[in-house]
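*Asks:*
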Amino acid sequence: FAKIATRNPDDAEVTQSVAEIFRRYGSTPDAELQQRAVEYAALAGKKEAGTVMAAMPKFPERESALLKLIAAETEGSALPLAGAGRGRPNTDASADALPPTQSGDLLGLDDAIEAPPAAIPVDALTLPSAGQAQSSDPLDLLGGLTVSESAAPAAAPAPSAAAPSAAGADPFGGFSDLIVGGSGEEASGSKVQPQLMGGTVEDWYAKLCVANKGILYQDQFLQIGIKAEFQKSQGRVMLFLGNKHTGDLTNVVVAVPPVPAYRVQVGAVPNAIATQAQVQVPVAVSCVEASLDVPKLQVVYTVEGEAVKLNLQLPLIPTKFLAPVASVDGNSFFSMWKSIPGPPKKLQQIVQCEEQVDMGRLQGMIGSVGFAVAQGLDPSPNNIVAIGTFSCESAGEAAVMLRLEVDPRSLKQYRITVASTNALLTSSTKDLLLKNI
């Protein structure tokens, strides 16, 4: 009512009506209404009323210092990508051809999983001695997260590489929909029976979740290999289809059904693949938003007059669009770390291991996922702090932070903490790391 009166000072009827409302509520039993009525009645008679009642100006949202640092680093150039194969922009597609080997691996991908980047030696960290690490250190800015403080009964069993992280559900999708040779009736009467060779679909997929080069599928007729590179929210995936059969594979079709979280465009697909030949099919990918939905890859071909249909999964998960932050100062890191209070955006889990944790291998694996190990931010040499930036089209860039604490006494227990401003990104990153530690 006060704003109505101040915006219509020349309208006597409006002014009189508002004044009457103020007088009526000036004696109401409700103390709050009475106070406001008296205050606004007094304010309405002053010349400053118009200024006080004016609309509040729009103030710019406060931007995170850490995100500013990330933006400054990446402006005008590509984000630095972690490890070999995480990104090679402007690569000639013809150079991607993989030579055949004498081992029966037509695409030469049996040992194609790239090694993780060179591990940062623990000695390079500017940290206190092991004796100091076991005590309560006032300089531990990530305080309250020392593994030795946690009771052993609270520890959760370590998940195996092939086991899902929770309730038997694979957060990146399962493989129950793998179809080989059409329906059951078709398969029973068909002369063509594709058989997996050299591994399982689950294992190949799991390896490609932390690598950008390897086998996706292989039977006695067809081998499908992948080489990929990612830059911010964009990715290029090259599919290598190799004919291992003594005859041609015809009526070849490659398709990726639409998924809301990704925009996928499949390039030209040849109608046939000659015997012992290899063809390449480029696939352009854009990440729209963080999601657990995994794009399907449908491959159909005809061999010896029989149609074979494969429903696979492309290894496109949120961490594929994660790139390391080359450098970050402690103040910016801890400011954002502390601004994320807890679940679901900051998740912890304690894990028991049968064998001692290999710190060098651990740092290499973290780097291959897309993190950069931040040296000197943690006071313990048995802990690892890392940071990466996730990119998507809908929300831009978001920092993802990791702290992994290894029990210095046994090296057989660790606690992992992952934090980001996106709950789904936090949970999917944590689950992927747990599968590969």
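For what it's worth, the working numbering labels the leading residue of the sequence shown as 4, then goes sequentially.
Glycine residues also receive a C-beta, built at the ideal position from the N, C-alpha and C atoms.
Remember, it's a predicted structure, so these values are computed and weren't measured experimentally.
(1) With a CB to CB cut of under 6 Å and the five nearest residues on each side skipped, what residues in its chain are close to P321?
(2) For the pair the region 238-251 and the region 312-328, tell me if three or more CB-CB distances fall below 8 Å.
(3) Would you kindly check if the distance between the Cβ of Q37 and the Cβ of S30 is under 8 Å?
(4) If you draw a straight line from the C-alpha of Q268 to the C-alpha of K312, how long is it?
(5) Given this structure, state the Cα-to-Cα distance separating S383 from R412, to the nearest angstrom.
(6) Hey, out of Q283, T249, T253, whose CA is closest to G308's CA?
(7) Where DSSP assigns a beta bridge to F233, which residues make up the other side?
(8) Between P346 and L437, what straight-line distance do the alpha-carbon atoms span, to the nearest angstrom?
(9) Drop a sphere of 10 angstroms on the beta-carbon of P197, count the other beta-carbons inside from all chains shown, and report buried for 16 or more, exposed for fewer.
(10) Under the three-state reduction of DSSP, which class applies to M404: helix, strand or coil?
(11) Between which two residues does the beta strand (DSSP E) harbouring A287 extend?
(12) May I have a chain-ordered list of the beta strand (DSSP E) segments no shorter than 3 residues that lie completely inside the region 343-381?
(13) Sort V282, T278, N385 by Cα distance to T249 and report the nearest one.
(14) Would you please state the rounded distance, in angstroms, between the beta carbons of P273 and V259? I believe it to be under 8 Å.
(15) On the criterion of 16 or more Cβ atoms from any shown chain inside 10 Å, does E232 qualify as buried, or is it exposed?
(16) Is the beta carbon of Q221 sitting closer than 8 Å to the one on M200?
(17) So what's S394 in DSSP terms, helix, strand or just coil?
(18) Output the boundary residues of the beta strand (DSSP E) element that contains Q316.
(19) How big is the Cα-Cα spacing for V376 and A329?
*Replies:* Walking through what the data contain:
(1) Along the sequence shown, read from residue 1 onward, the residue named residue 321 stands at position 318. Excluding residues within five positions, the ones whose Cβ falls inside 6 Å are A293, L428, S431.
(2) yes
(3) Taking the first residue of the sequence shown as 1, we reach residue 30 at position 27. Taking the first residue of the sequence shown as 1, we reach residue 37 at position 34. It is a contact, given that the beta carbons lie within the stated cut-off.
(4) The residue labelled residue 268 in the question sits at position 265 within the sequence shown. The residue labelled residue 312 in the question sits at position 309 within the sequence shown. Near 20 Å, if we compare the C-alpha coordinates of K312 and Q268.
(5) Position 380 of the sequence shown, counted from the start, is the residue given in the question as residue 383. Position 409 of the sequence shown, counted from the start, is the residue given in the question as residue 412. Each residue's Cα considered, the two are about 12 Å apart.
(6) Numbered from its first residue, the sequence shown carries residue 308 at position 305. Nearest C-alpha to G308: T253.
(7) As a working note, residue 233 is residue 230 in the sequence shown. G238, per the DSSP bridge assignment.
(8) For the purposes of this step, residue 346 is taken as the residue at position 343 of the sequence shown. For the purposes of this step, residue 437 is taken as the residue at position 434 of the sequence shown. If you take the alpha carbons of P346 and L437, they lie about 17 Å apart.
(9) Taking the first residue of the sequence shown as position 1, residue 197 is located at position 194. With 16 or more Cβ atoms within 10 Å of its Cβ, P197 is classed as buried.
(10) Here the question's residue 404 lines up with position 401 in the sequence shown. Residue state, collapsed to three classes: strand.
(11) Within the sequence shown, the letter at position 284 stands for residue 287. 281-290 is the span of the beta strand (DSSP E), which, as asked, contains A287.
(12) 349-355
(13) By one-based count along the sequence shown, residue 249 stands at place 246. It is T278.
(14) The residue given as residue 273 occupies position 270 in the sequence shown. The residue given as residue 259 occupies position 256 in the sequence shown. Their Cβ separation, rounded to whole angstroms, is 17 Å, which puts P273 and V259 out of contact at 8 Å.
(15) Here residue 232 is taken as the residue at index 229 of the sequence shown, counted from 1. Buried: at least 16 other Cβ atoms inside 10 Å.
(16) Taking the first residue of the sequence shown as position 1, residue 221 is located at position 218. Taking the first residue of the sequence shown as position 1, residue 200 is located at position 197. Yes, the pair counts as a contact, with Cβ atoms nearer than the cut-off.
(17) As a first step, residue 394 is located in the sequence shown; it is residue number 391 there, counting from the start. S394 falls in the strand class under three-state DSSP.
(18) For the purposes of this step, residue 316 is identified with residue 313 of the sequence shown, where counting begins at 1. Q316 -> beta strand (DSSP E) spans 309-316.
(19) Reading the sequence shown from its first residue, position 373 is the one you call residue 376. Reading the sequence shown from its first residue, position 326 is the one you call residue 329. Rounded to whole angstroms, V376 to A329 spans 9 Å at the Cα level.
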